[in-house]
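**Q** Sharing a structure here in structure tokens format.
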Amino acid sequence: MKDFDKIVSQFDVKGTVDTVKPLGNGLINDTYIVRTSEEDAPDYVLQRINHHIFTDVDTLQTNIAAVTSHIRRKLEAAGADDIDRKVLTFIPVKGEDKTYYFDGDSYWRMMVFIPRAHTLEAVNPESSRFAGEAFGEFQAMLVDIDADLKESIPDFHNMEFRLKQLHDAVAADPVGRVKEVKPLLDELESRAEEMCKAERLYREGKLPKRICHCDTKVNNMMFDEDGRILCVIDLDTVMPSFIFSDYGDFLRTGANKLAEDDPNIEGVEFDMDIFRAFTEGYLSSARSFLTPLEIENLPYAAALFPYMQAVRFLTDYINGDTYYKIKYPEHNLVRTRNQFKLLQSIEEKTPEMREFIAAQLA
């Protein structure tokens, strides 16, 4: 058991620690709620950072500090009220300007707990519209950030890099699985050039990289007691990327009518109600800064992420299941086929998606 009092004492917190208990069910970091004894002292959230995934903790925390500071300045300039509940506040280590502490084994950080706030877990049209609005507003506030943010996970959403990983796996074929998945490989390869369009447009100077959230799950936004959006949370993956990351990644999970590993492949379908709600919310807050090329390629973004995930699942299957946890031998293959079916559904509905986006801009 960790000596939480010792860890908390490294940070410039107010009040006396009363209790430290686990908080939430996050899959990446270990999170705890730190309750203080004094009425006028805030409570805190303590997190152990997973430095096996986020290998450069300094870059991670520098990114987060730049983003939260910028958002706070924007809110102050706009005369917003209740600012401390509308942006995360990270606590510095005593006597230092950094916001993480290394105890010789683990990296830790602390932030002020946001009171009277909650998240949503259900993906439905209402919550999807909220999510689109929140993540679009998040991007909009960061359009003019004057900071040199780095990738907290290098090549996280780089399609060319993910395809290279697949090609390397095929060339090595370490467990002899390439032959059985040849039809899937052919299908993915036939779309490879189109799916690497973002990287090409970026090199040609036609597509910008912006500061994006890159993990746009429905439960990564906080609401107040009246159901109004307070802020976006879980900022570990905030980094330069194409806006397609935030748009396409939400729809990959939110608009799939089945879980990504459901073996009932025929039941996989792209949910247009979720698409319409999320897109309406996103464009309501993001269209002010989006370029025509970015808007034109939103359907491409919706297709890109199931394609990317299919490539990643198939790469892992060919490599002998060394990355994703599996429950049975064909688990990654089932995931691949599920995501490919979602991609096909998106391709079928792309004309309808284009019509809806055009109507939003009319």
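If you're matching positions, the sequence shown starts at -6 in the working numbering and goes up one per residue.
Just so it is clear, CB atoms sit at the ideal spot from N, CA and C, and this is done for glycine as well.
Please read all numbers here as calculations on a predicted model, not as lab measurements.
How is the alpha helix (DSSP H) around R65 delimited, first residue to last?
**A** It spans 50 to 70 - the alpha helix (DSSP H) in which R65 sits, taken as one unbroken run.
**Q** Let me check one thing: in DSSP terms, what residues is R28 bridge-paired to?
**A** Per DSSP, T12.
**Q** Quick check: the Cα distance between G192 and A295, rounded to an integer number of angstroms?
**A** It is worth fixing the name first, because residue 192 is Glu in this sequence and not Gly. Taking the straight line from one Cα to the other gives about 16 Å.
**Q** Classify K(-1) as buried or exposed, calling it buried when 16 or more other Cβ atoms lie within 10 Å of its own Cβ.
**A** K(-1) comes out exposed.
**Q** Quick check: the segment 195 to 205 against the segment 155 to 175, are at least 3 beta-carbon pairs closer than 8 Å?
**A** With the cut-off at 8 Å, the segment 155 to 175 and the segment 195 to 205 do not touch.
**Q** I'd like the list of long-range same chain contacts for V116, defined as Cβ closer than 6 Å, with 5 residues on each side in sequence excluded.
**A** Closer than 6 Å at the Cβ level, and outside the excluded window around V116, lie V211, G247.
**Q** Taking its Cβ as the centre, do 16 or more other Cβ atoms sit within 10 Å of E126, making it buried, or is it exposed?
**A** Classification for E126: buried.
**Q** Once the 5 residues before and after C224 are set aside, which same chain residues still bring their CB inside 6 Å of it?
**A** Hits under 6 Å: K79, V80, M215.
**Q** Can you tell me the Cα-Cα spacing of F268 and L244, whole angstroms?
**A** Going by the C-alpha atoms only, they are around 7 Å apart.
**Q** Under 6 Å Cβ to Cβ from H44, same chain only, skipping five residues before and after it: list those, please.
**A** Correct list, in chain order: V50, Y100.
**Q** State the Cα-Cα distance for the pair V27 and T61, rounded to the nearest angstrom.
**A** If I take the Cα positions, the gap works out to 21 Å.
**Q** Please classify F154 as buried or exposed, where buried requires at least 16 neighbouring CB atoms within 10 angstroms.
**A** So F154 counts as exposed.
**Q** For F271, which residues of its own chain have a beta-carbon under 7 Å away from its beta-carbon, when the five flanking residues on both sides are left out?
**A** Closer than 7 Å at the Cβ level, and outside the excluded window around F271, lie S121, R122, A124, G125, F243, L244, G247.
**Q** Comparing alpha-carbon positions, which option in F263, E323, A351 lies nearest L286?
**A** If we check each option's Cα against that of L286, A351 comes out closest.
**Q** Apart from the five residues just before and just after G260, which ones in its own chain have a Cβ nearer than 6 Å to its Cβ?
**A** Only L251 meet the Cβ criterion.
**Q** At the level of alpha carbons, what is the spacing between T92 and V1?
**A** If I take the Cα positions, the gap works out to 12 Å.
**Q** Using the Cα positions of F333 and N325, report the straight-line distance between them to the nearest angstrom.
**A** So the alpha carbons of these two residues sit roughly 12 Å apart.
**Q** Give me, in chain order, the residues of the same chain whose beta-carbon lies closer than 7 Å to that of P167; leave out the 5 immediate sequence neighbours on both sides.
**A** The residues are N312, G313.
**Q** Give the list of continuous beta strand (DSSP E) stretches no shorter than 3 residues that lie fully inside the segment 100 to 145.
**A** Listed in chain order, they are 100 to 105.
**Q** Among the residues of its own chain, which have a CB less than 6 Å from the CB of A162, if the five just before and after it don't count?
**A** Cβ neighbours of A162 beyond the five flanking positions: T308, I311, N312.
**Q** Hey, how far is the Cα of Q337 from the Cα of A140?
**A** About 39 Å.
**Q** Once the 5 residues before and after S356 are set aside, which same chain residues still bring their CB inside 7 Å of it?
**A** The structure shown does not extend to residue 356, since the chain is modelled only from -6 through 355, so no value can be given for it.
**Q** Please go through the same chain and pick out, in chain order, the residues whose beta-carbon is closer than 8 Å to the beta-carbon of F366, but skip the five residues on each side of it.
**A** An answer regarding residue 366 cannot be provided, because it is not within the stretch -6 to 355 covered by the chain.
**Q** When DSSP labels each residue in this structure, what does F95 get in the three-state scheme?
**A** Of the three classes helix, strand and coil, the one that applies to F95 here is strand, per DSSP.
**Q** Which residue or residues does DSSP assign as beta-bridge partners of R41?
**A** D23, W101.
**Q** Counting only the same chain and skipping the five closest in sequence on each side, list residues whose C-beta sits under 6 Å from that of F306.
**A** Correct list, in chain order: N325, R328, T329.
**Q** So, at 6 Å on beta carbons, what are the nonlocal neighbours of K143 in its own chain, with the 5 sequence-adjacent residues on each side left out?
**A** Result list for K143: T52, in chain order.
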